[in-house]
Structures are given as structure tokens and as C-alpha cells.
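Novice:
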Amino acid sequence: MADIITKIIPVKYDYIADEEQTQAAIMYIKEIVPDCQIEAEVFETTQFVDCGGELEVIKCPDCGEDISFDWWGEVMEKAAEKEFSDLSVKLPCCGYDSSLNDLEYYLPCGYARMEITIANLERKFSKKELVNIGELLGEKVRIILARY
């Protein structure tokens with residue numbers, strides 16, 4: 045059976061909550077899902093936070109066209125060479141100026157300097173709970189579900 049890891053990351057990819065904010069968010073999460081293993085990590089550079097082997101489609105946030113994995117792989121490689129310090133891209137489908145972080149990944153993925161992970165969470169967070177976590181961290185958050 046595969047492990048499912050729930051990853052909570054800031055929407056703003058270069059945001060890092062301070063230790064007090066991170067601990068407050070972790071304590072809140074422990075209150076609402078007390079029997080889960082929760083960890084927080086801060087990365088030295090921006091990281092691609094993936095959904096495990098579940099990424100099926102990437103779409104343009106402007107026109108909705110599918111983005112080819114070949115094109116995405118090339119721009120990811122270039123961004124990785126700069127440690128993901130610049131995520132800006134011009135999309136091949138419509139010429140829209142965007143960010144790798146703003147592409148529509150299915151299943152969701154993102155970029156972050158920090159993440160909170162929860163192993164084998166057996167329920168989803170409500171919108172209100174996600175807002176609360178974001179307020180405690182000081183930045184809106186998104187959820188990435190990864191299957192390994």
C-alpha cells in the first residue's frame with residue numbers, strides 16, 4: 045500500500061514562516077488531527093513540491109490549454125539551474141507571462157521554501173481549517189497530496 049503524504053505549502057513560493065508561526069500551525073493541526081505524524085521543513089532554496097507519481101496534466105492558467113511535459117521539463121531544468129530563484133515563464137500556448145508556480149497541475153504541485161507534512165492523513169482539511177493554518181503561518185497555503 046502506498047503512503048499518502050499531505051504537504052502544506054505557502055502559496056507564495058519564497059515565503060518562510062518564522063519558528064513561532066510554524067509551531068502555532070503545527071499545534072493547531074495536532075488539535076484537529078491528533079493521531080498524525082506532522083513535520084515541518086525549511087529548504088535552503090526553493091524546491092518543487094510534487095504529488096509523487098500522480099502528475100497527469102499541466103494546464104495554462106490563462107487559456108486552459110495543456111502544457112507539454114517536454115516543454116515543462118526544459119523550463120524546469122533551466123529554473124533548477126538557478127535554484128528556482130526565478131519561476132517566470134512565457135507560456136508556449138498563448139504567450140501568457142506566468143510562473144511555474146501558477147501553472148495548473150493535476151494533481152496539484154507547487155514550489156516552496158518550506159512545507160509541513162502529515163503522513164497518511166485520513167481526511168481532508170476544510171476550507172476554514174486551511175484559512176486558519178494560513179493565518180497562523182502568515183501566508184495563504186495550498187495542499188499537495190503525494191502518493192509514494
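All residue numbers for the sequence shown refer to our numbering, where the first residue is 45 and numbers rise by one.
C-beta atoms are modelled at their ideal positions from N, C-alpha and C, and glycine is treated no differently.
#1: Answer yes if the region 70-87 comes into contact with the region 116-128, meaning at least three C-beta pairs across the two stretches below 8 Å, and no otherwise.
#2: Taking buried to mean at least 16 other C-beta atoms within 10 Å of its own C-beta, is N145 buried or exposed?
#3: What did DSSP end up calling V77 once you bin it into helix, strand or coil?
#4: Could you please give me the residues that DSSP links to K51 through a beta bridge?
#5: How many angstroms separate the CA atom of I49 from the CA atom of G96?
#6: Which ranges does the beta strand (DSSP E) cover as unbroken runs of at least 3 residues, wholly within the region 79-135, from first to last along the chain?
Specialist: Once the coordinates are examined:
#1: Segments in contact, no.
#2: buried
#3: Note: V77 maps to coil in three-state DSSP.
#4: T161 and I188
#5: Straight-line Cα distance between these residues: approximately 9 Å.
#6: For the beta strand (DSSP E) assignment, the uninterrupted runs of no fewer than 3 residues enclosed by the region 79-135 are, from N- to C-terminal side, 81-93, 101-103 and 132-134.
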